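Encoded as structure tokens, the structure appears first; notes follow it.
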Amino acid sequence: MDNTYITLYSKSPLETEEIGKIIGKISEGRELFLLLGDLGAGKTVLVKGIAKGLGIDAQIVSPTFIIIKNYPGRLTLNHIDLYRINSIEGLGIEEYIDDDLSVTVVEWGEKLIDSLRLKEYLLVKIEITDDNSRKITLVPKGERYIRFIERIREWQT
Ligand SMILES: Nc1ncnc2c1ncn2[C@@H]1O[C@H](COP(=O)(O)OP(=O)(O)OP(=O)(O)O)[C@@H](O)[C@H]1O
Ligand SMILES: [Mg+2]
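The opening residue of the sequence shown carries number 3 in my numbering; numbering runs sequentially from there.
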């Protein structure tokens, strides 16, 4: 078995939310999830699930125009959307990531990897395979996230 990543298949927005919910439930603080995927792939749908898993009732809306939104819960959810952002300078993203009581989820998160020289994060790649079908690949970077996806594997079995 290849244990370097996990591939999950979703057949509906609800199933994608459920996957997010598991990710939220497993989170312990200071997690960083970088979401990759085309427009309409389902990144925000996944974030809604993560919020539920953190016990957040608030309606999650895409923060496209505001860039960063924070939602209090069991842990604070920092929802960041970098779609329109060319430079992350001055956004204070490092401080959100550095918080033990936060979970930070970044849409178009690949933009952060080089600029912040990130070494530890979970890549969540969402691919559109059909109208309602998505392939979701979780790729851990760093020991911590290797352990994290082990826990997701436990949920699968
Ligand atoms: N299996 C699925 N999982 C997630 N979304 C799905 C699925 N099937 C259909 N959809 C639809 O795809 C759309 C996903 O929208 P969403 O806003 O989450 O995408 P996004 O990746 O955040 O896009 P953007 O880059 O514009 O922020 C929704 O309209 C949702 O109903
Ligand atoms: Mg979105």
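Glycine is no exception: its CB is placed at the ideal position from the N, C-alpha and C atoms. A quick note: this is a predicted structure, and the numbers were derived from the prediction, not measured.
| query | Given that a residue counts as buried once 16 or more other Cβ atoms are within 10 Å of its Cβ, and exposed if not, what is Asp83? | reply | buried
| request: Kindly give me the distance between the Cβ atoms of Val49 and Gly22, rounded to whole angstroms, as I take these residues to be in contact under 8 Å. | output: 7 Å
| query | Just the Cα atoms here: how many angstroms apart are Gly94 and Asp101? | reply | 12 Å
| task | Could you tell me which residues DSSP pairs with Asp132 in its beta bridges? | result | Ser135
| task | Say yes only if the C-beta of Gly111 is nearer than 7 Å to one or more non-hydrogen atoms of ligand 1, and no if none qualify. | result | no
| query | Cα-Cα, which of Ser117, Glu97, Tyr98, Glu152 is closest to Ile87? | reply | Ser117
| Mind checking whether the beta-carbon of Ser64 lies closer than 7 Å to any heavy atom of ligand 2? | yes
| field | Burial state of Ile68, where buried means 16 or more other Cβ atoms lie within 10 Å | value | exposed
| task | Could you work out which residue in Leu36, Gly42, Leu79, Arg136 is closest to Ser14 when comparing CA atoms only? | result | When only C-alpha atoms are compared, the closest one is Arg136.
| Neighbour-count burial assignment, Glu12, 16 or more Cβ in a 10 Å radius | First, the amino acid is wrong: residue 12 is Ser here, not Glu. Burial call: buried.
| request: Give the secondary structure of Met3 by DSSP, where H, G and I count as helix, E and B as strand, and everything else as coil. | output: The predicted model places Met3 with a pLDDT of 47, which falls under 50 and marks its position as unreliable, so this point remains unresolved.
| said: Is Thr106 near ligand 1 - that is, is its Cβ less than 7 Å away from at least one heavy atom of it? | reply: no
| Span of the beta strand (DSSP E) holding Phe150? | From DSSP, Phe150 is part of no beta strand (DSSP E) but of the alpha helix (DSSP H) over 145-158.
| query | For ligand 2, any of its heavy atoms closer than 7 Å to the Cβ of Lys127? | reply | no
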